[in-house]
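Numbering (full-length UniProt numbering), first residue to last: 1 to 794.
The block underneath contains the structure these notes are about, expressed in structure tokens.
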Amino acid sequence: MNAEASCSIEKFREYVRIPTVQPEPDYEPAVNFLKEYADELGLEFAVVTPIPKKPVVRLSWIGTNPSDSPIMLVSHVDVVPVFPECWSWEPFGAQIDPATGNIYGRGTQDMKCVGIQYLEAIRRLKADGLVLKRTLHAVFVPDEEIGGVDGMAKFIETDEFRKLNVGFSLDEGLASPTEVYPVYYGERSQQWLEFIFTGNPGHGSRFIPDTAAEKMAKFMGYLMEFREEQKKILESDPNLTDGDVTSTNITILKGGVQPNVVPAELRMTVDFRVSPSMGLSTFRSRLDGWMRDSGADVRCVPVCAFDSSSVTSTGSDNKFWTAFADTCSALGMKIRPQIFPAGTDSRYLRSIGIPAIGFSPMINTPVLLHDHDEFLNKDVFLKGIEIYRALLPAVANVETDYQVIRVHPENDQQLEYLTNLEHHGNYDFWTDVRRDFVDIMVSPEQAHVFKSQMFLKGMKAETFIPDVQKLMDLQKASPVAEGRAMDWTSYHRLGDAKIHSWLDDLAAANPDTVSTQVVGQSTLGKDLKVIRINTAGSPHKFWIDGGIHAREWISPATVTYIINELVNNYEANQELVDAYDWYILPVHNPDGYEYTFTDDRLWRKTLTDHDSFWGCLGADPNRNWDFHWMDIGASQDKCSEIFAGPEPFSEPCCSAIRDFTTELNADSSVLGYFTYHSYSQLWMSPWGWTDALPPTYDELTRVGVAGMNALTAVHGTDYEFGTSTNVIYAASGASDDWAYGVLGVPFVYTIELRDQGRYGFVLPADQIIPSGEETFAGLKVAALEMLVLPAGKH
């Protein structure tokens, strides 16, 4: 045996020797063991304790693309009790039989073997110099052996779990006495139910009518018929397993006070394991019928009932399954997908839409979990490490075709549900929560469950963009202009020979009327470059910005189109150009914007490091302004897409723009403040933090509607006008509310550009020019209309 194999076996034996035994396991030694393990392997280590003395331990190998949903490798730490007198070996000795190579000990099969196999596979992959796209989280949970109620069930309710944004999970399976590996894609729903039968009491010498015992006997007859029916189904087809049928076992009977008294009440507890093929709805319908037919006053009280029978797809729609199955095939493994006959922690993950597969690589091994003399052969254990050595890269490098689902809320309760999901769910909201529709990006593995969740809440949910990656690939394939010249047939970056250089070239070519100024720098030191256009010394100033949210590429592209019209098409637009002293910032969030070109196309926030425990970067720069900051529609969760920052103006880009525009408006000369976003085709005025109308709403409406109508007239693109709150949903700390409420600019608008969701944030480059044409037309009419109103005549 080589040193690598010896090391793996010793780690396994060391772990088995830690007696994490129910009902009162001491988890601290296991936590210490895993902490040392993490340090040894160079893995990130964290402990979360949703319930005191019941820690969840995470060891993470960070992938090269943290934005892709990670893989969670689940392993429970606890083991069931032992009866030492019934064992031939020390139950926690991890002794090796030299004759057979069997390693004996509680947990060798269930499931300390799998936890160590995960980590030893990672050790070998790292030694191979391999890098993975997705992050691997090896998560060690407590209390699975007693139902996971204080373990995985509590963990999935925590913010720490939500921030992991898990895309796929591996968990435990069972040993196999044959050459075939069982693989579990679902499990039977555990239903522990107590039935209470109430009847007439009386003396034991009489024929009392309608007794509790009569009702129990009749009900028991139905149960036994059902049990026999399911047993015959199982026996009729050799391809079926226990997981394919519903089991029924009476486990507790209670009742009676003394031998000569007919009791008024009897109780019976039954352990049902409901197969997904039957489903909970059908099962409960049959139960209701049996109870009804057994007589009046028969009740059912759940003792422990798990109300989900979700299964993980084993079809081609689940790329994680395809990667798993193809890898097993390549290794020459025979696998048999099936339903787990009992319960594991995977049921909690599947219930919230996370695909999970149960798998323990132990063939030619008798099933001895919970049994005396539990063992795993050392060669089987070592082979399992090699299997995971192949499986982990396969699932961690899966490319997932994310899709955008459009949800249609119709009432305040549904809006509140979606708002809570935005703050605490594992989904990427592409639009703000609004009364018309909300676009949410999910993985295909999550899509079915997500749509079911929406259906249960009474909301229509439809796939709107079936393949986001395909659109991103098309966008990347668009031509990129060479040199310093700007065009509007492709999207451009900030750096050398791109947007900033083009702005400088405009200034150099028009030194009397155009200049550029760096008004501040981002967290990573990128310039916030403003172009000023001043042809006639107008007393009125006008501010425009774009690119506040990084992934909204159409915004900077449209803003540069506006700049080009003002500078290079002066003769056609002289009245407009001369009317204002223009200050335009094409990219408000340069760090995030560049990051969408180099790392994560759908990044939204800044890249400021706010010391997130989970390594989440950035804040939403449109929730970071000091006007009703954090009142509504924002989050203090550092991993949230709408994290408002630890304090107002924590983001350097926001504070720099605040300082510059404050100085710019020292004489109250800024008349217009337009900020361009995408998408949804909306023209919005303040307020966003309240549903109250702003004091100058009539003037804001007159100007906004005039501009919107001019925009629509160009290409027929329909927009909607209103306050931010009334058109979408309340959100505080936005730049437009600050500009109107603090800076005092009279005409402030947030304009959400094309489209209405067909392409969303990945709008094709051939729509830049149409967007620019119509947006400039709207700006032109609105800006000139402002001058004829009282606010524009000072």
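All C-beta atoms, glycine included, are put in the ideal place defined by N, C-alpha and C.
The segment 576 to 587 makes no contact with the segment 712 to 725, as fewer than three CB pairs between them are under 8 Å. By the neighbour-count definition (other C-beta atoms within 10 Å, threshold 16), N102 is a buried residue. Taking a 10 Å sphere around the C-beta of T606, we find 16 or more other C-beta atoms and assign the residue as buried.
A Cβ-Cβ distance of about 7 Å is found for the pair I339 and T241, placing them in contact under the 8 Å criterion.
Secondary structure at S69: coil, using DSSP grouped into helix, strand and coil. Where A713 is concerned, the enclosing alpha helix (DSSP H) starts and stops at Y697 to H715. Listed in chain order, the beta strand (DSSP E) runs fully inside the segment 213 to 287 are 247 to 255 and 265 to 274, counting runs of at least 3 residues.
Distances from the CA of V180 to each of G458, M111 and M333 were compared; the closest alpha carbon is that of M333. In summary, S452 is exposed, with fewer than 16 beta-carbon neighbours lying within 10 Å of its beta-carbon over all protein chains present. Here F455 is exposed: its Cβ has fewer than 16 other Cβ atoms, across all protein chains shown, within 10 Å. V788 is classed as exposed because its beta carbon has fewer than 16 other beta carbons within 10 Å across all chains shown.
At the C-beta level, I440 and V468 stay beyond 9 Å of one another. It is roughly 14 Å from the alpha-carbon of P238 to the alpha-carbon of Q230. When L471, E773 and V131 are compared, the shortest CA-CA separation from P393 is found for V131.
Around the C-beta of K378, 16 or more other C-beta atoms lie within 10 Å, and the residue is accordingly described as buried. Scanning the segment 512 to 586 from its first residue to its last, the whole alpha helix (DSSP H) runs of 4-plus residues come out as 554 to 568 and 574 to 579. Distance from P695 to D736 at the Cβ level is roughly 15 Å; contact not present, criterion being Cβ atoms closer than 8 Å. Taking the CA atoms as reference points, I252 sits about 14 Å from E265. Membership of M684 in the beta strand (DSSP E) is indicated by the continuous run L682 to S685.
In the displayed model, A485 falls within coil according to three-state DSSP, outside both helix and strand. By DSSP's assignment, A461 forms a beta bridge with V407.
Collapsing the DSSP output to three states places G186 in a strand. When DSSP states are grouped into helix, strand and coil, H423 belongs to the helix group.
A residue is called buried when at least 16 other Cβ atoms come within 10 angstroms of its Cβ; F674 meets this threshold and is buried.
If you draw a straight line from the Cα of E187 to the Cα of A325, it is about 19 Å long.
S538 and F168 have their C-alpha atoms spaced approximately 59 Å apart.
In terms of CA proximity to M684, G707 leads the group G707, W614 and L671.
Rounded to the nearest angstrom, the gap between the Cα atoms of S316 and Y388 is 22 Å. Nearest neighbour of V449 by Cα position, chosen from C7, L349 and V56, turns out to be L349.
Per DSSP, the continuous beta strand (DSSP E) segment holding Y104 begins and ends at N102 to Y104. Comparing C-alpha distances from I71 to each of W61, Y580, V80 and V303 shows the shortest one belongs to W61. About 15 Å separates the beta carbon of I196 from that of L223, a gap too long to meet the 8 Å contact definition. Across the set A739, S612, P746 and Y37, the C-alpha of A739 shows the shortest separation from the C-alpha of D659. Scanning G115, A99, D545 and V21 for the CA closest to the CA of V57 turns up G115.
Annotation for G778: G707, M708, A710 and L711 place their beta carbon closer than 7 Å to its own, counting only its chain and skipping 5 residues before and after.
Looking at the backbone, the Cα of V298 and that of E194 are separated by about 11 Å.
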